[in-house]
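S.K.:
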DNA sequence: GTCTATAGGCAGATAGAC
DNA sequence: GTCTATCTGCCTATAGAC
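Residue numbers (my numbering), protein chains in the order written: chain R, 1 to 194; chain W, 195 to 388.
1. Under 9 Å, CB to CB, which of the residues in the segment 159 to 181 of chain R have a partner in chain W?
2. For chain R, find out if any of its Cβ atoms is closer than 9 Å to the Cβ of residue 293 of chain W; answer yes or no.
3. Please name the residue in W/335, W/314, W/352, W/380 whose C-alpha comes closest to that of residue 324 of chain W.
4. Find the nearest neighbour of residue 59 of chain R within the set R/118, R/133, R/140, judged by alpha-carbon distance.
5. Give, in chain order, every unbroken run of the alpha helix (DSSP H) that is at least 4 residues long and sits entirely within the segment 38 to 66 of chain R.
6. Assuming residue 154 of chain R is part of the alpha helix (DSSP H), what are its boundary residues?
7. Going along chain W in order, which residues have a C-beta closer than 7 Å to the C-beta of residue 29 of chain R?
8. For residue 86 of chain R, is the classification buried or exposed, using 16 other Cβ atoms within 10 angstroms of its Cβ as the cut-off for buried?
9. Would you check if the distance between the CB atom of residue 98 of chain R and the CB atom of residue 23 of chain R is smaller than 9 Å?
10. Count the other CB atoms within 10 Å of the CB of residue 186 of chain R; is the residue buried (16 or more) or exposed (fewer)?
11. So that I know if they touch, is there some Cβ in chain R lying closer than 9 Å to that of residue 350 of chain W?
12. How should residue 96 of chain R be labelled, buried or exposed, when 16 other C-beta atoms within 10 angstroms of its C-beta is the threshold for buried?
13. Taking a cut of 8 Å between CB atoms, which residues from the segment 257 to 275 of chain W lie near chain R?
14. When you compare only the Cα positions, how much space is there between residue 300 of chain W and residue 174 of chain R?
15. Below 8 Å on the Cβ atoms is my guess for residue 163 of chain R versus residue 362 of chain W; work out the distance and round it to an integer in Å.
16. Return helix, strand or coil for residue 306 of chain W, following the three-state DSSP convention.
17. For a contact defined as C-beta to C-beta under 8 Å, what are the partners of residue 113 of chain R on chain W?
18. Which bits of chain W does residue 19 of chain R rub up against, with CB to CB less than 9 Å?
19. For my contact list, residue 94 of chain R and residue 189 of chain R are in at a C-beta cut-off of 8 Å; report their separation, rounded to the angstrom.
20. Kindly give me the distance between the Cβ atoms of residue 342 of chain W and residue 386 of chain W, rounded to whole angstroms, as I take these residues to be in contact under 8 Å.
21. What does the alpha-carbon distance come out to for the pair residue 10 of chain R and residue 21 of chain R?
22. Using beta carbons (cut-off 9 Å, strictly below), is residue 289 of chain W in contact with chain R?
23. When you compare only the Cα positions, how much space is there between residue 275 of chain W and residue 331 of chain W?
24. At a Cβ threshold of 9 Å, is residue 343 of chain W touching chain R?
This is how it looks when you write it as structure tokens:
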């Protein structure tokens, strides 16, 4: 039996859950296998059974995070049609992360970029590319239907939204918190007012 | 004699120079006394003579960085009168940091915030406060003389500029580099077009 | 001020019993 | 899958000679 009840999580999943939070709060170089093990009540050796090296754990964390993010974008596309509503929903993803006192996982890793294994570095870049591609699409839609200003190219707008939101999260954790983040996010979106 | 020639730097200063670069590239948790010692050709013990603990080294790094940043803002105030020129010069400070393949020192530390000694955390918050105070002043001047839009409060504008620029640096190091940063910075400033 | 030497702890990682 | 036990290496930091 891999689990003790229908709702129980495997050790691998619980490891990812704890490691994900530690990574988003303290950074990849700011937590250890010992931290995860203590929180789960298992030994470090058990963790190495599921994730032999920390680089592999990191790869798994980015893969799961990117996958969930992509799912969330898919959900937005299904649930909303108005491009402005899509952007509001996009910002809301970030708000919920910050509400948990966390930084965006890939934003955190972007800071530590130069210290990371190559596979992780590439995966982070890919995460940002995918986000920008989605945002570019939404902005282009909004410009086509007139709901968004066409004073900026969709590509430029998506770059500014992505980096603006990541920066607002970064600073808000040290100064101003969620209210400040949401205020900055609103200002960013106003740029696209027609 | 504290130095061997009029232009020679003390070990303490050279330590700060190397540590500063390592911190801006790899983060506070991403370098060690051994890294600095190897680069300077001295022993770790020598470094501990000048900076007994890493927390004290970190305090000194933030203090020097903040002081230089404040000097740069003072120079801008002396050399330019037009608020738009001041903002351009402000962005240029960031561009030069990124040109050296570095992240803003305090932006990097903002990511590692939760792992830092209290004295460092407080100093980072103070750095951001001072930057925002300066920016708020410049925006207010520009609104008064009509060179900047008054569609946003100076406080909101300064928050968005600071976090937007920090975020643009953060992302540009993994995707797009300096050209992308400068493009995003230009877009941010356009928000203040009258 | 800088060195050698070393302490004490924690990091990531592995071997092998159960 | 999880454990005990252990390895090796690096970390911050200190003592004491020069």
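Backbone N, C-alpha and C fix where the C-beta goes; we use that ideal spot for every residue, glycine too.
M.R.: In short, the structure shows the following:
1. 159, 160, 162, 163, 164, 165, 166, 167, 168, 169, 170, 171, 172, 173, 174, 175, 176, 180, 181
2. By 1-based counting over the second chain, the position of residue 293 of chain W is 99. Output row for residue 293 of chain W: interface = no.
3. In the second chain, residue 324 of chain W corresponds to position 130, counting from 1. Taking only the C-alpha atoms, the option nearest residue 324 of chain W is W/352.
4. Taking the first chain and counting its residues from 1, one reaches residue 59 of chain R at position 59. Minimum Cα distance to residue 59 of chain R is reached at R/118.
5. 44 to 50
6. Taking the first residue of the first chain as position 1, residue 154 of chain R is located at position 154. Residue 154 of chain R -> alpha helix (DSSP H) spans 154 to 172.
7. Residue numbering aside, residue 29 of chain R sits at position 29 when the first chain is read from its first letter. Those are 221, 223, 224, listed as they occur along chain W.
8. As a working note, residue 86 of chain R is residue 86 in the first chain. By the 10 Å Cβ count, residue 86 of chain R comes out buried.
9. Taking the first chain and counting its residues from 1, one reaches residue 98 of chain R at position 98. Taking the first chain and counting its residues from 1, one reaches residue 23 of chain R at position 23. No, the Cβ-Cβ distance between residue 98 of chain R and residue 23 of chain R is not below 9 Å.
10. In the first chain, counting from the first residue as 1, residue 186 of chain R sits at position 186. So residue 186 of chain R counts as exposed.
11. Here residue 350 of chain W is taken as the residue at index 156 of the second chain, counted from 1. Cβ-Cβ to chain R under 9 Å: yes for residue 350 of chain W.
12. Against the first chain, residue 96 of chain R aligns to sequence position 96. Answer is exposed; the Cβ neighbour count stays below 16.
13. If the cut-off is 8 Å between Cβ atoms, the segment 257 to 275 of chain W has nothing near chain R.
14. Position 106 of the second chain holds residue 300 of chain W. Position 174 of the first chain holds residue 174 of chain R. When rounded, the distance between both Cα atoms is 11 Å.
15. The residue given as residue 163 of chain R occupies position 163 in the first chain. The residue given as residue 362 of chain W occupies position 168 in the second chain. Indeed, because the Cβ distance is near 4 Å, the residues count as touching under 8 Å.
16. As a position in the second chain, residue 306 of chain W is number 112, starting the count at 1. It is coil, neither helix nor strand.
17. Start at 1 with the first residue of the first chain, and residue 113 of chain R comes out as number 113. Near residue 113 of chain R (Cβ distances below 8 Å), the residues of chain W are 367, 368.
18. Counting from 1 along the first chain, the entry for residue 19 of chain R is found at position 19. Neighbours of residue 19 of chain R in chain W, taken as residues whose beta carbon is under 9 Å from its own, are absent, since the nearest beta carbon is some 15 Å off.
19. Counted from its first residue, the first chain places residue 94 of chain R at position 94. Counted from its first residue, the first chain places residue 189 of chain R at position 189. Between residue 94 of chain R and residue 189 of chain R the beta-carbon gap is near 12 Å, outside 8 Å, which marks them as no contact.
20. The residue labelled residue 342 of chain W in the question sits at position 148 within the second chain. The residue labelled residue 386 of chain W in the question sits at position 192 within the second chain. The pair is a contact, with the Cβ atoms about 5 Å apart (cut-off 8 Å).
21. Indexing the first chain from 1 puts residue 10 of chain R at position 10. Indexing the first chain from 1 puts residue 21 of chain R at position 21. Their Cα atoms are separated by approximately 17 Å.
22. Along the second chain, one-based indexing puts residue 289 of chain W at 95. Cβ-Cβ to chain R under 9 Å: no for residue 289 of chain W.
23. Within the second chain, the letter at position 81 stands for residue 275 of chain W. Within the second chain, the letter at position 137 stands for residue 331 of chain W. Using only the alpha carbons, I get a separation of about 12 Å.
24. Counting from one through the second chain, the residue named residue 343 of chain W turns up at place 149. Chain R, which has no Cβ nearer than 9 Å to the Cβ of residue 343 of chain W, makes this no.
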